[in-house]
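Chains as they are written, first to last, in this note's numbering: chain R, 304 to 1007; chain P, 985 to 1142; chain V, 394 to 536. We treat Cβ as the ideally placed atom computed from N, Cα and C, and that holds for glycine.
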Amino acid sequence: MAQIGQFALALAFVVTVYSIAASLIGIRVKHDKLIASGRNAAVGTFVCLTTAFLCLVYLFVVSDFSINYVAGHSNRDLPLYFKISAIWGGQEGSLLLWGWFLTGYAALVMIQNWRKHTAMMPYVTAVLMGSSLFFTSMHLFIANPFNQVVSIAPGGARVPFVPADGQGLNPLLQYILNAIHPPVMYLGLVGFAVPFAFAMAAMLSRQLGDTWIRTTRRWTMVAWFFLGTAILLGGKWAYVELGWGGFWGWDPVENASLMPWLIGTAFLHSVMVQEKKGMLKVWNMVLIILAYTMCLFGTFLTRSGVVSSVHAFAQSSIGGYFAAFIVISLSGALYLLLDRLPLLKSENQMESIVSRESSFMFNNLILLASCFAVFWGVMFPVFSEWIKGVKITVGPPFFNRVNVPIAIFLMFLTGVGPLLAWRKASTNSLKRNFLWPAAFALASGIVLFVRGIGRPILKAPEELGQALFQKLLGYSFTSSFYALLAIMMSTFVAVTIVREFYKGARARSHGTGENFIEAVANLTLQNTRRYGGYIVHFGFVLLFIGWAGQAFTTDVSTEAGIGDRISIRQYTLRVDKLGVEDTPNYQSMKATVSLFEDGVKVATMGPERRRYKAGEQQTTTEVSIWSTLKEDVYVVFSGATADGKRANIQVYYNPLVMWVWLGGIVLGLGTLIALLPNKKSGPRKRPQAADRTEEQKDVAEKVS
Amino acid sequence: MLKKFLKRRAALLLILATVPLALAADQQRIKDVASQLMCICGCNQVLGVCNHINCPTSGGMMAEVEKELDSGKSDKAVLDHFVGKFGLSVLSAPPASGFNLTAWLMPFAALLAGAIAAVYFLRRFRARWVETAPKTVVDTAKYQRQIEEELQKYTPED
Amino acid sequence: MVYLFCGILSGAILAAICIPLFRRDDTLESTIIEETEWDLLQRKKDVVLGNIQDLDFEYKCGKLSEEDYQKIRGEMSAEAAVVFQEIDSIESSKDLDALIRREVSARKNKTKTGSPTAVCPSCRAQNSPTNKFCAECGAKLKH
Chain R
304 MAQIGQFALA LAFVVTVYSI AASLIGIRVK HDKLIASGRN AAVGTFVCLT TAFLCLVYLF
364 VVSDFSINYV AGHSNRDLPL YFKISAIWGG QEGSLLLWGW FLTGYAALVM IQNWRKHTAM
424 MPYVTAVLMG SSLFFTSMHL FIANPFNQVV SIAPGGARVP FVPADGQGLN PLLQYILNAI
484 HPPVMYLGLV GFAVPFAFAM AAMLSRQLGD TWIRTTRRWT MVAWFFLGTA ILLGGKWAYV
544 ELGWGGFWGW DPVENASLMP WLIGTAFLHS VMVQEKKGML KVWNMVLIIL AYTMCLFGTF
604 LTRSGVVSSV HAFAQSSIGG YFAAFIVISL SGALYLLLDR LPLLKSENQM ESIVSRESSF
664 MFNNLILLAS CFAVFWGVMF PVFSEWIKGV KITVGPPFFN RVNVPIAIFL MFLTGVGPLL
724 AWRKASTNSL KRNFLWPAAF ALASGIVLFV RGIGRPILKA PEELGQALFQ KLLGYSFTSS
784 FYALLAIMMS TFVAVTIVRE FYKGARARSH GTGENFIEAV ANLTLQNTRR YGGYIVHFGF
844 VLLFIGWAGQ AFTTDVSTEA GIGDRISIRQ YTLRVDKLGV EDTPNYQSMK ATVSLFEDGV
904 KVATMGPERR RYKAGEQQTT TEVSIWSTLK EDVYVVFSGA TADGKRANIQ VYYNPLVMWV
964 WLGGIVLGLG TLIALLPNKK SGPRKRPQAA DRTEEQKDVA EKVS
Chain P
985 MLKKFLKRRA ALLLILATVP LALAADQQRI KDVASQLMCI CGCNQVLGVC NHINCPTSGG
1045 MMAEVEKELD SGKSDKAVLD HFVGKFGLSV LSAPPASGFN LTAWLMPFAA LLAGAIAAVY
1105 FLRRFRARWV ETAPKTVVDT AKYQRQIEEE LQKYTPED
Chain V
394 MVYLFCGILS GAILAAICIP LFRRDDTLES TIIEETEWDL LQRKKDVVLG NIQDLDFEYK
454 CGKLSEEDYQ KIRGEMSAEA AVVFQEIDSI ESSKDLDALI RREVSARKNK TKTGSPTAVC
514 PSCRAQNSPT NKFCAECGAK LKH
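Here's what the structure looks like:
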């Protein structure tokens, strides 16, 4: 099997080279047949890599430890699904998965678009296969997953050697969410290669009308969907597996996936301005190039070890190759952009600064600024060491302090954007649109403030003596105050979205005579992008509220014996039992804890501590979470005392965490709706049709 | 639903406020200081959240924070003590002074620069609008009927 | 077994690559079609109409004041009128069928630069060498 895999990789490499050559030469000499052959070759690489990937799957399933990569990342007693997910537990497999997805996307794009954009497609083939060439050569020469385990014989000869058992999969990865998190992440990161390829092809072929942007927009949404899902899955994994009570730690690797996501978000918004107004053409090109570069840069960050991170298991020597690939792609793309600048002249004109198009520009500004803040924070330790020779850490406090105000302002724009009309919004229109959302936001703010959220807390006695201005300044940076602002903004946005649906449906049912529910459904289905987009915004509102809850987390950590009680807020925990459990894969110590809310028993929780048997015998904590809409009680059992009679238990009280996951689900659903093609409006009922023309005449009269 | 829930939360906060203050404040101070320090075991986590099993350093560091605070030092003095001991990288965020100030200022400087650029472009686009507006002299009335007819037939593609 | 499989895989891919090269008649499958001014205008028309439709809907939802609506709709109609006028001028200046025919033959020629074209003896129009009759006037072509 390994031989077949090896052969398939080699074949993929050759066919990729042929595909690039055939496409480029085909374009040069205008030879249709050669171009078609290049396209088929591109699909052929997908077949090759699929074969290679299946071979690797087989090797993992049968636990063939004569293969170095299998021996390093799996062991016999691993359950089957983790054996398969172990494929992307290490570098070689991850890269193969990445390359496989890339050719998969390429094949899909070829099949879907070949007849539609004939002038552009040969270039798309060449660009996608160019990226693929990088990966296939990595598979073949640098990180080959099919290499055999060898031992050095006394004479210096390399002898094949089959270890009795593998070293096992990193236990932190033995969690079902993390089995699917990496593939989804790669689908997202690789997905940005498609918009990039179309952007490059549009410039190369000088077909800069809006054909490419339509295709690109859709593919960007696909990639954005996967990336966002992956980020949330990663957060969920961190929350339930890492056991520190939070879901986002501003780790360099998390940041690496956030950056392309932020730029993708910016693009999805500014692309609307290009479609509607023919503006920002150069800017959109820049965003696409930046998004793809950030995807590569993210992988580089994870793999290179330039910055230290909790994802230390992913570090290796391939960073240099990635850096070279990034430099080549970026400089090529920018050169092309400069060269084609005259072709990207647009009808840049704007009637008023108070308009939706300008709100999109500010949205882009904020998103890019927050992306830059993240980038700066990730890279600053590196700069500091270069320039000053001083090692420093840029950790969560930095990112929170810088990004939280930016995020709150972004939320504000999310609410404002849909309220502004295209072109120009007069104060009169603004007043009627802003009144209710602003009133609700203010009301929620007042209610929360009166109830004690966002009140200034004097942290240390010395603050009492400070000047009033300093006090105010200090106050406005407390997380409680930010939470208050965040919830106010969320209310503001939620009300605008609800109004948007309500008014749209009402206007629609006036015209068609549908009932309200039908009207909402049809409204959404006939303009999936707009209303899907609103649903995505609503997902963010939920996410934002959940995130604001982070300001109010508390935790207790104690040593407790059987029968002891731990109390946190309205909850009390009682330790009932300490036991030991044994499975082939791991040995676990388990605490059985009863949870009481206001004295009533609500759950039995079982936090564990596991020691995995394979490899280095790593230990992990399995937290136990009692989750409600209001708050999570998060229990960590971090081990027993030496005599085994008492347990070290940490309890976190995390308000509103559920809202983050709910928000994520709504966000995903909204994206899927936005991806649906618009439903054509069906034949209307007769009487209403008459109404409509009447109305139309009315409008016509008014206009003339 | 939300309101009811908020009501409850708020009530809780009020109850919490009446809990013996001194103890709570001390715990809070320890947590605050711990959140400004990194665990030095190589786990790359903030001291306050580093709880991985058998961490060789976090327990000792936490105890040290507590001891230093109990000795009557201010938060800042405690942080300085740790910096003196482990170097600047023990702080979870760079201090806002000297070269490290750029870490804090750059994002906002970039935002400001971006805002200036955005406003510049907006003004330019607006200027172009004013410029080109009177040039479009087309017999609108002639096409009005056609426009309305096409509008009737028109369904957006996607 | 391994060799057999490798052989099948490479054979299949070789076939996929070669089939287009040796296809006899040239199908129009991959003929390069570029966007023309006409295409761009049609799409621009769609955009302009879409914008007006959105505006109408937002007005019906009550998001715009009467005054704003009238003003913006007037401007948008004027924009649409410009596009319609441009389309009209293309349609009236040249007979549309002739336009399309010329476009098609131009494209065919473009994809095969270097291949000789057949000039019509009666109207001097350029024809594809495979044509038996002139695409413009229908006269028989001499080869």
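Note down the Cα distance separating residue i from residue j, rounded to an integer number of angstroms.
{"i": "Cys674 (chain R)", "j": "Ala533 (chain R)", "result": "18 Å"}
{"i": "Glu821 (chain R)", "j": "Ile480 (chain V)", "result": "38 Å"}
{"i": "Ser388 (chain R)", "j": "Tyr595 (chain R)", "result": "26 Å"}
{"i": "Leu1095 (chain P)", "j": "Ala496 (chain R)", "result": "28 Å"}
{"i": "Met791 (chain R)", "j": "Leu846 (chain R)", "result": "14 Å"}
{"i": "Pro563 (chain R)", "j": "Cys454 (chain V)", "result": "36 Å"}
{"i": "Ser930 (chain R)", "j": "Gly635 (chain R)", "result": "50 Å"}
{"i": "Leu565 (chain R)", "j": "Asp946 (chain R)", "result": "51 Å"}
{"i": "Asn981 (chain R)", "j": "Asn830 (chain R)", "result": "6 Å"}
{"i": "Met441 (chain R)", "j": "Leu490 (chain R)", "result": "18 Å"}
{"i": "Asn888 (chain R)", "j": "Gln470 (chain R)", "result": "12 Å"}
{"i": "Asp1016 (chain P)", "j": "Val543 (chain R)", "result": "24 Å"}
{"i": "Ile370 (chain R)", "j": "Phe449 (chain R)", "result": "6 Å"}
{"i": "Lys584 (chain R)", "j": "Ser927 (chain R)", "result": "50 Å"}
{"i": "Phe855 (chain R)", "j": "Gly494 (chain R)", "result": "37 Å"}
Using 8 Å as the threshold, is the C-beta distance between residue i and residue j below it?
{"i": "Val452 (chain R)", "j": "Arg461 (chain R)", "result": "no"}
{"i": "Val1103 (chain P)", "j": "Leu1021 (chain P)", "result": "no"}
{"i": "Ala311 (chain R)", "j": "Val427 (chain R)", "result": "no"}
{"i": "Asp935 (chain R)", "j": "Met961 (chain R)", "result": "yes"}
{"i": "Tyr837 (chain R)", "j": "Phe804 (chain R)", "result": "yes"}
{"i": "Glu1050 (chain P)", "j": "Ile1100 (chain P)", "result": "no"}
{"i": "Ala894 (chain R)", "j": "Ile976 (chain R)", "result": "no"}
{"i": "Trp540 (chain R)", "j": "Leu480 (chain R)", "result": "yes"}
Using a Cβ-Cβ cutoff of less than 6 Å, which residues in the same chain neighbour residue i once the five nearest sequence positions on both sides are dropped?
{"i": "Cys358 (chain R)", "result": "Met304, Ile307, Gly308"}
{"i": "Phe398 (chain V)", "result": "none"}
{"i": "Asn736 (chain R)", "result": "Leu722"}
{"i": "Thr827 (chain R)", "result": "Tyr834"}
{"i": "Arg758 (chain R)", "result": "none"}
{"i": "Leu713 (chain R)", "result": "Ile669"}
{"i": "Val317 (chain R)", "result": "none"}
{"i": "Ile871 (chain R)", "result": "Val859, Val954, Tyr956"}
{"i": "Val844 (chain R)", "result": "Ser793, Val796, Ala797"}
{"i": "Ser397 (chain R)", "result": "Trp391"}
Under 9 Å Cβ-Cβ, which residues of chain R neighbour residue i?
{"i": "Gln1130 (chain P)", "result": "Residues of chain R passing the Cβ test: none, with the nearest at roughly 12 Å."}
{"i": "Leu433 (chain V)", "result": "Gly512, Asp513"}
Give every residue of the same chain whose Cβ lies closer than 8 Å to the Cβ of residue i, excluding the five residues on either side of it in the sequence, and list them in chain order.
{"i": "Val487 (chain R)", "result": "Phe529, Thr532, Ala533, Leu536"}
{"i": "Val1010 (chain R)", "result": "The structure shown does not extend to residue 1010 (chain R), since chain R is modelled only from 304 through 1007, so no value can be given for it."}
Please list, in chain order, the chain P residues whose beta carbon lies closer than 7 Å to that of residue i.
{"i": "Ser482 (chain V)", "result": "What Ser482 (chain V) touches in chain P: nothing, since even the nearest Cβ is about 11 Å away."}
{"i": "Phe675 (chain R)", "result": "Pro1091, Ala1094"}
{"i": "Leu668 (chain R)", "result": "Gly1098, Ala1099, Ala1102"}
How would you list, in chain order, the residues of chain P whose beta-carbon sits under 9 Å from the beta-carbon of residue i?
{"i": "Ser263 (chain R)", "result": "Residue 263 (chain R) lies beyond the residue range present for chain R, which begins at 304 and ends at 1007; the question has no answer from this structure."}
Could you name the residues of the same chain whose beta carbon sits closer than 7 Å to that of residue i, not counting the 5 residues immediately before and after it, in chain order?
{"i": "Ile848 (chain R)", "result": "Ile790, Ser793, Leu959, Trp962"}
Show which residues of chain V have a CB atom less than 7 Å away from the CB atom of residue i.
{"i": "Leu1135 (chain P)", "result": "Leu442, Ile445, Gln446"}
Give the interface partners of residue i over in chain P, defined as CB-CB distance under 8 Å, in chain order.
{"i": "Ser515 (chain V)", "result": "Those within 8 Å of Ser515 (chain V) in chain P number zero; the least Cβ separation is about 38 Å."}
What in chain R is Cβ-close to residue i, meaning under 8 Å?
{"i": "Thr1116 (chain P)", "result": "Gln652"}
Item to complete: Quick one: which residues of the region 435-467 of chain V get their C-beta closer than 9 Å to a C-beta of chain P? List them in chain order.
Response: Lys438, Asp439, Val441, Leu442, Gly443, Ile445, Gln446, Asp447, Asp449, Gly467
Practice prompt. Would you list, in chain order, the members of the region 546-564 of chain R that have their beta-carbon closer than 8 Å to a beta-carbon of chain P?
Written response: Gly546, Trp547, Gly548, Gly549, Gly552, Asp554
Discussion item. Residues of the region 1056-1082 of chain P in Cβ contact with chain R at a cutoff of 8 Å, in chain order, please.
Written reply: Ser1058, Asp1059, Gly1071, Leu1072, Ser1073, Val1074, Leu1075, Ser1076, Ala1077, Pro1078
Worksheet entry | Residues of the region 696-720 of chain R with Cβ closer than 8 Å to any Cβ of chain P, in chain order | Thr696, Val697, Gly698, Pro699, Pro700, Phe701, Arg704, Val705, Ile709
Item to complete: Using a Cβ-Cβ cut-off of less than 9 Å, list which residues of the region 345-357 of chain R approach chain C; keep chain order.
Response: Protein chains R, P and V are contained in the structure displayed, whereas chain C is not.
Item to complete: Could you run through the region 396-409 of chain V and flag, in chain order, every residue whose CB is less than 8 Å away from some CB of chain R?
Response: Phe398, Cys399, Leu402, Ser403, Ala405, Ile406, Ala409
Worksheet item: Using a Cβ cut-off of 7 Å, which residues of the region 389-418 of chain R contact any Cβ in chain V, in chain order?
Response: none
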